[in-house]
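Quick notes on the structure that follows.
Numbering (the working numbering), first residue to last: -10 to 311.
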């Protein structure tokens, strides 16, 4: 009620006081509120002592006490809690740090490098593509016999929030060479072919050959089933990858649902900061469907020519019979 009445009587107050002296002791009319801009007969403010009333005065004219700022040390646990929650959400849905434990991806990745892995796009149905470097869970004891690290308390905590890889997780990192439907072949020392097309692989470790000449899996021809990928290390003669795990339950293939995500950047050490793009050789059309289509026109031409030849022969025989 008080705010609605602000200034409402200012036009009539002069008339009420006209012709009689203003008594300073007269109480203000009930329900009327005097604003700091209303003036009395002498032009002075109507507040006590001729001073305009102070906005925000509390009961009895006392100003409210400002709230005491919370101590930094009391806010610190809250800030740490928020940071931990954000770190866990980032680790679960966005990116996660992984450490490179071996030399199987040299020289693209060195032992001890830390890479950041994109975990977001797989949530939207994105699947690994040829040429990408991916982290995946051990599909079938590929890491059998490998030593298990014994982390200290700090390393355990950092792995829990995603700043370090977990010692309990059995993960590997390799390059995707083939996806579902691809036929991949290695003969002699190479080159490696995908659907009959040779790859130019400058990322292969210097001194290595694209294909390994051995009877353990270095010479192969495989077709990747749908929902799987074929992976190989860049250090071809020092990588236990799909080639050397063809006796497992997946025949050396990695199920797509075991892929954690794509490694997108080398984050540590600082001297090795770099992104991990898909090499140019994978820009060529390597699709198995395109390979089939290049043969299809020849087959269609042959199939169309046969009836035509038969028809012409019948015409010739009919003409000779006349």
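Using N, Cα and C, we set each Cβ at its ideal position, and we do this for glycine too.
Rounded to a whole number of angstroms, what is the C-alpha to C-alpha distance between residue 15 and residue 60? In this predicted model, residue 15 has a pLDDT of only 44, less than 50, meaning its place in the structure is not dependable; the value taken from the coordinates is given anyway. Taking the straight line from one Cα to the other gives about 50 angstroms.
Neighbourhood of residue 274 by C-beta, 6 angstroms cutoff - its chain only, sequence neighbours within 5 removed: Excluding sequence positions up to five before and after residue 274, its CB lies less than 6 angstroms from no other CB in the same chain.
Considering Cα atoms alone, identify which of 216, 238 and 231 is closest to residue 175. When only C-alpha atoms are compared, the closest one is 231.
Taking the straight line between their C-alpha atoms, what separation do you get for residue 261 and residue 143? Their backbone Cα atoms lie some 24 angstroms apart in a straight line.
Look at the alpha carbon of residue 268 and the alpha carbon of residue 124, and state the distance between them as a whole number of angstroms. Within the model, the alpha-carbon separation for residue 268 versus residue 124 is close to 17 angstroms.
Can you tell me which of 247, 241 and 166 puts its alpha carbon nearest to the alpha carbon of residue 205? With distances taken between Cα atoms, residue 205 lies closest to 241.
How many Å lie between residue 127 and residue 71 at the Cα? Roughly 33 angstroms between the two C-alpha positions.
Check whether the region 220 to 235 and the region 88 to 99 are in contact - that is, three or more C-beta pairs closer than 8 angstroms. In short, these stretches touch, since the Cβ pair count reaches three.
For residue 200, collect the residues of the same chain with a Cβ closer than 8 angstroms to its Cβ; drop the 5 residues on either side in sequence, then sort them by chain order. So the list reads 175, 176, 177, 178, 179, 180, 181, 207, 208 and 225, once near-sequence residues are dropped.
Name the DSSP beta bridge partners of residue 240, please? Looking at the DSSP assignment, residue 240 forms no beta bridge with any residue, so it has no partner.
Taking residue 106 as the reference, which of 255, 271, 131 and 218 has the closest Cα? Shortest Cα-Cα distance from residue 106 to any of 255, 271, 131 and 218 involves 255.
May I ask you to report which of helix, strand or coil DSSP gives residue 316? Residue coverage of the chain in this structure runs from -10 to 311, which leaves residue 316 outside it and unanswerable.
Looking only at C-alpha atoms, which of 271, 264 and 245 sits nearest to residue 114? Ranking 271, 264 and 245 by Cα distance to residue 114 puts 245 first.
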